[in-house]
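Participant: Protein sequence lines, in the order shown, are assigned to chains A and B.
Quick note on our numbering: the first sequence kicks off at 44 and runs consecutively.
Quick note on our numbering: the second sequence kicks off at 24 and runs consecutively.
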Amino acid sequence: MIVQKNDRVLVQGLTGKQGTFWAERMMEYGTEIMGGVNPRKAGTEHIGLPVYGTAQDAMVDKGFEVAVMFIPPLGAKAAAMDAIQAGVKKIVCLTEHIPVQDVMYFLAAADEAGCQVIGPNTTGVVTTGENFVGFMPAFNDRIMKPGRVGVISRSGSLGTFICMKMVEAGFGISAFIGIGGDPIIGTTTLQALKQLDAHEGTDQVVIVGEIGGTMEEEAAEYAASMNKPMVAFVAGAASPEGKKMGHAGAIVVGDKGTYASKKAAFEAAGVQVLDSPSMAGDAMRAIVG
Amino acid sequence: MDFEEYAAKPLLAAAGIAVPDSALAASADEAADIAARIGPCVVKAQVPTGKRGKAGGIKLAATPDEARAAAEAIIGMTIGIHTVEKVLVEAQVDIGTEYYAAVMNDQASKGPMIMFSTEGGMDIEEVAADHPDKLVRLPVDIRQGVTGAAIDAMLAPLGLGERQAATSAALEKLYQVYAENDGELVEINPLVVTGSGDIVALDCKFTLEDSGAVRHAELREKAAPEKLTALEEQARMAGLKYIDLDGDVGILANGAGLTMTTMDMVRYYGGQPANFLEIGGEAYTLGKPALELVMANPRIKSLLVNFCGAFARTDVMAEGIVNAWLDLKPDLPVFFSIHGTGDVEAVAMVRDRLGMEPYDKMDDAVKAAVAAAK
C-alpha cells in the first residue's frame, strides 16, 4: 500500500498540538515514527522522539521513507521542499488553504524526484492493522476493522462514514486513501485506484467522489478495465453551480465537474453509483454475496 | 476572488502590456466628462461575469452625449446576478486582429497552463470545440517559469508571421502577472493587434486564488465584492463555511463531503435543504455560532445535525451544539445522526442533556427532518 509496513515516518510540525496528539495515536496504532522537525527545538526530545532542525538532518541521522506535514499553510512549501531535498519517497500533506501556486511548486519538485504526494487537504492514509499516517480514526474497530475493501475518498468525514457502513455490512477495510479536497492534489482518484488495483490485500473498492474537476471521470475510465468489484458515491448532487462547497476543489463551473457527468461516467464503466452512502455496505454485499 | 475589468487591467499595465486609456464612471455625467477628455470611446458595464456584450452592457459612443446615453442605459441594468453600478469609459482602438490569451491553474498537468488562440473575441470553449487547430497550449513548470523560446515554439504552428515577436512578448508578461499575483486565472479576450501593429489588451479577467490571497493584502481589497447574503456575511465573520439555499430543512454537519451529502440526502428523501453549514476541520468547536446561524434563517422548519468524526471529535462538536441549544432554547424540531470518533460520548450527551435520541441510521434522521418540515 502507499505506506508500507516497515516505512519510517518523520512528523514535520511534531511539537505542535495536533502534531503531538496524532503522532501519539499513530505510534499506538503501530506506525513507526522516527522523529520530528521543528527548527527552533532542534536537538531536543518530544514525546520520546528526537526533534531535528530539518528533514535533511533527520535523513542523515536515521533515515525515513514518509514525511507527514502538520504545518500551517504558508510554511507548507518550505517544509515539503525540505522533505523532497532530503530524498523522501512519500509525503502526506494534511494542510488546508495552502496557496495553490505553492502546491504546484512542490508537486513539480516531488514529481521530478520520484516522490509521491498525498494531498494537500487530506485526512491521510490508513493501511489497516499496520499503520496510519494523518488523522483518521484507524484505531476505531467499528470504523476501520481490518479487511479486504479499499476506500478512496476526497473527504475525511464522508470517507469515514462509508468505511463504517462497510464494517456494519460485515466487510473490513484494507486501506483508506484520503486524496484531499483541494483542486490540485498530488495523488488523483485514478492514481489511488491503480494502487488499490495492484494491492494484493484489496479485493473490492469503494470510490467516494464529489463534484468539481474531472478526477472521477478519469478514474471511471480505468475502472472499466478492472476485475475488482466496485461501488461509488459522489457527493454534491444538490449543490448549486458556481459555489465552492467547503472544499476548494468542490465547485461546478458551467457544465464542468457536475454530479451528472460523474455518475454517467461510473455507470458507463459498469460501476454502481449509490443514492445514499448508507447503501455502500449492502450494495457491495449484493455484488460479492 | 474575481476582479472586474477596471481592477484587473492595472495589473497588465504594471507588467508592460498596453491597455487603452480609460476611467471609471459611476454616473452618466461622469461618463460624458471622461468621453470629452478621451474622444470616441466604449462604455462597458463593470460586473464580475462574462457575456456583458450579449447582455447589452457594452456600447460604442462617438461623442460625450452618446457616452452619457450609453452609461444611462447600462448603469442599473442586471447582468446575471449582478446589478451594474459603474462603467468603464475606454478609448476606442483600431482593431486589426483579435487574439485570445490566458494563463490558468491546470488540474490535469498540476501546474500553470498558457493558452493562446487566433480566434479572439469568442467564447474559448467554443473555439476549443470548433477550431482546435487554432488553439495552442503550453504547460509550465512553475519552478522555472516560462521562456520566450518556449512561447515561440507554442505559437509556431499558428503562423503569426511578423506579429509573432510582439505576441510572444505580451504572453511572457501575462505569465508574470499570473505568477507575481497568485493568479488562478488571468485572461485577455480579446488581445488586439491594432492597424499599426501594436498589441493592446481590450479586456481582462483576473481571479486571485483564494488561499494565495493572504499574501496580497492590497490587491485583494480591489476584488469585486462577493455577493453574500446577510447570513453568509455573518458566517464569514464567525469563521464558518455557510451557503444559503432556498429550502426549509436546516443542515449542520461536519466536513465538506458529509455536509454536501447531507444536502443530497435531504433532497433524495423529498425535502429541500435550507443551507450548507460545515463545522468540521478547524471550526469543529464553533457549535454555538453555527447554531445561531441556522436559527437566524426565517425559512427553516426543521434542523438536521449530522456528524461523522474522523479528525473532528463528535463529542466536542456535540457539546458545542448541546450547550448552544440549552442556551438558545429554539422552538424547532431537531434530528441528530452522530457517528465516528467520540460518538458514544456524543450520543449519551444529547440523550442526557437534551432528552433527545439520536438516530442510529443517518437516513432515518434525514427522513424525520424532511417529514417535520412538511
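Backbone N, C-alpha and C define an ideal beta-carbon position, used for all residues, glycine too.
Because the structure is a prediction, the values reported are computed rather than measured.
1. At 7 Å on the CB atoms, spell out the chain A contacts of K384/B, in chain order.
2. Throw me the rounded Cβ distance for the M138/B and A125/B pair, which I believe falls under 8 Å.
3. Please report the distance separating the alpha-carbon of P11/B from that of F359/B.
4. Please decide whether R91/B counts as near chain A, where near means a Cβ-Cβ distance under 7 Å.
5. Give me the residue from R243/B, T141/B and G332/B with the minimum Cα distance to G119/B.
6. Take Y265/B and list the residues in its own chain whose beta-carbon comes closer than 7 Å to its own, dropping the five residues that flank it on each side.
7. Any residues in the segment 190-213 of chain A with a beta carbon nearer than 8 Å to a beta carbon of chain B? Which ones, in chain order?
8. Between the C-alpha atoms of G73/A and P180/A, what's the straight-line distance to the nearest angstrom?
9. Is there a Cβ of chain B sitting closer than 7 Å to that of A278/A, yes or no?
10. What whole-angstrom Cβ distance do G79/A and L53/A have, given they're in contact under 8 Å?
11. With DSSP as the reference, please indicate the residues paired to M136/B in a beta bridge.
12. Closer than 7 Å, CB to CB, is A311/A near chain B or not?
13. Does any heavy atom of the ligand COA sit closer than 6 Å to the C-beta of T166/A?
14. Kindly indicate which three-state DSSP category N329/B falls into: helix, strand or coil?
15. Closer than 8 Å by beta-carbon distance: list the chain B residues that pair up with Y148/A, in chain order.
16. Which stretch, first to last residue, makes up the beta strand (DSSP E) that contains Q247/A?
17. Name the residues in the segment 163-174 of chain A whose C-beta lies less than 7 Å from a C-beta of chain B; which are they?
18. Less than 7 Å separating the beta-carbons of G223/A and T165/A?
19. Going by the CB atoms, is the gap between S200/A and G235/B shorter than 7 Å?
20. By the criterion of Cβ-Cβ separation under 8 Å, what are the contact partners of K264/B in chain A?
21. Flag E301/B as yes if its beta-carbon sits less than 7 Å from any beta-carbon of chain E, otherwise no.
22. Comparing the C-beta of Y291/B with each C-beta of chain A, is any distance below 7 Å?
23. Please list, in chain order, all residues of the same chain as Y29/B whose beta carbon is under 8 Å from its beta carbon, the five residues on each side excluded.
24. Go through its chain and collect everything with a Cβ distance to N81/A's Cβ below 6 Å, but skip five positions before and after it.
25. Hey, is the segment 156-164 of chain A in contact with the segment 244-257 of chain A, meaning 3+ C-beta pairs nearer than 8 Å?
26. Mind checking whether V135/A and G172/A have CB atoms under 7 Å apart?
27. List in chain order: all unbroken beta strand (DSSP E) runs of 3+ residues lying wholly within the segment 74-130 of chain B.
28. Assuming I216/A and V192/A form a contact by the criterion Cβ under 8 Å, report the distance between their Cβ atoms to the nearest whole angstrom.
29. Which of the three DSSP states, helix, strand or coil, is assigned to N204/B?
30. Work out the CA separation of T170/B and E195/B for me, nearest whole Å.
31. Find the residues of chain A that neighbour E207/B, judging by a C-beta separation of less than 8 Å, and give them in chain order.
32. Report buried or exposed for N174/A, applying the criterion of at least 16 other Cβ atoms within 10 angstroms of its Cβ.
33. Using a Cβ cut-off of 7 Å (strictly closer), state whether M180/A contacts chain B.
34. Among the candidates H290/A, M102/A, A312/A and I294/A, whose CA atom is the shortest distance from the CA of S268/A?
35. Which value, in whole angstroms, describes the spacing of the CA atoms of Y381/B and D366/B?
36. Just to confirm before moving on: does the CB-CB distance between L21/B and I344/B stay below 7 Å?
Facilitator: Checking against the coordinates, here is how it stands:
1. S321
2. Cβ atoms of M138/B and A125/B come within 8 Å of each other, at about 5 Å.
3. Residue 11/B lies beyond the range of chain B shown here (24 to 397); nothing can be said about it.
4. no
5. T141/B
6. L254, E255, A258, N298, F299, L300 and L316
7. Going along the segment 190-213 of chain A in chain order, one finds S196, R197, S198, G199, S200, L201, G202, T203, F204 and M207 with a Cβ nearer than 8 Å to chain B.
8. 13 Å
9. yes
10. 7 Å
11. M127/B and P162/B
12. Taking Cβ atoms only, chain B never reaches closer than 7 Å to A311/A, which makes this a no.
13. Ligands are entirely absent from the displayed structure, and the ligand COA is therefore not among its contents.
14. strand
15. I165 and R166
16. Q247 to E253
17. Interface annotation for the segment 163-174 of chain A against chain B: T166, criterion Cβ-Cβ distance under 7 Å.
18. yes
19. no
20. G289
21. Chain labels in this structure do not include chain E; the protein chains are A and B.
22. Residue contact check for Y291/B against chain A: a CB pair falls below 7 Å.
23. S45, L47, Q69, K109 and L111
24. T58 and V94
25. no
26. no
27. 81-84, 110-114 and 118-129
28. 6 Å
29. coil
30. 7 Å
31. Proximity of chain A to E207/B at the Cβ level (cut-off 8 Å) is accounted for by V143, in chain order.
32. buried
33. Correcting the residue identity first, residue 180/A is Pro in this sequence and not Met. Yes, its Cβ sits closer than 7 Å to a Cβ of chain B.
34. A312/A
35. Residue 381/B is actually Pro in this sequence, not Tyr. Going from the Cα of P381/B to the Cα of D366/B covers about 10 Å.
36. Outside the displayed span of chain B (24 to 397) sits residue 21/B, for which this structure offers no information.
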